[in-house]
Amino acid sequence: MSTRLRNAKKNNKGLGGQGKLTDKVIGELSKYYGNAIRNNKNNTEAMKNAILATLYHKCSTDAYPQHQFCPEGTDSWCSWQKAKSDKKLNDYKPRTDT
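Below is the structure:
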């Protein structure tokens, strides 16, 4: 997956750069994609949802949050879903380190 994303970034100049498809984001997507497959190898529907959660979560913005596939509840890895579960979405500030 990493190779295809890096090739897509190289061949489509508008994909790379700040706030876009960086090598760090490619690495994270590849890691999460692999985890989704390994952690759900006996349940294809859960695998599909885990892959979609990663993709949509990474594409999410303040103006257009896309967390519909992220696991819900206070134990979620998704900070937006945690804030929603705790009824603190008005105070939610997303991380901006990627």
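When the sequence shown is numbered by this note's numbering, its final residue is 724 and no position is left out of the sequence of numbers. Quick reminder that beta carbons are idealized off the backbone N, C-alpha and C, glycines included. What you are looking at is a predicted structure, and each value in this text was computed from that prediction instead of being measured.
Discussion item. Does the region 686–694 come into contact with the region 651–665, if we say contact requires no fewer than three beta-carbon pairs (one atom in each stretch) closer than 8 angstroms?
Written reply: Not touching, per the Cβ criterion.
Item to complete: Measure the Cβ-Cβ separation of Leu631 and Ile652 and say whether it is below 8 angstroms.
Response: Looking up residue 631 in the sequence shown gives position 5. Looking up residue 652 in the sequence shown gives position 26. Closer than 8 angstroms, so yes.
Item to complete: Can you give me the start and stop residues for the alpha helix (DSSP H) that Thr680 sits inside?
Response: Looking up residue 680 in the sequence shown gives position 54. Where Thr680 is concerned, the enclosing alpha helix (DSSP H) stretches over Thr670 to Cys685.
Discussion item. Looking at the secondary structure, which residues open and close the alpha helix (DSSP H) in which Gln707 lies?
Written reply: Residue mapping note: residue 707 aligns to position 81 of the sequence shown, counting from 1. Annotation: the continuous alpha helix (DSSP H) that includes Gln707 extends over Ser705 to Ser711.
Worksheet item: Residues in its own chain within less than 6 angstroms of Ala709 by CB, not counting five upstream and five downstream?
Response: Within the sequence shown, numbered from 1, the residue matching residue 709 stands at position 83. These residues qualify, in order along the chain: Leu715 and Tyr718.
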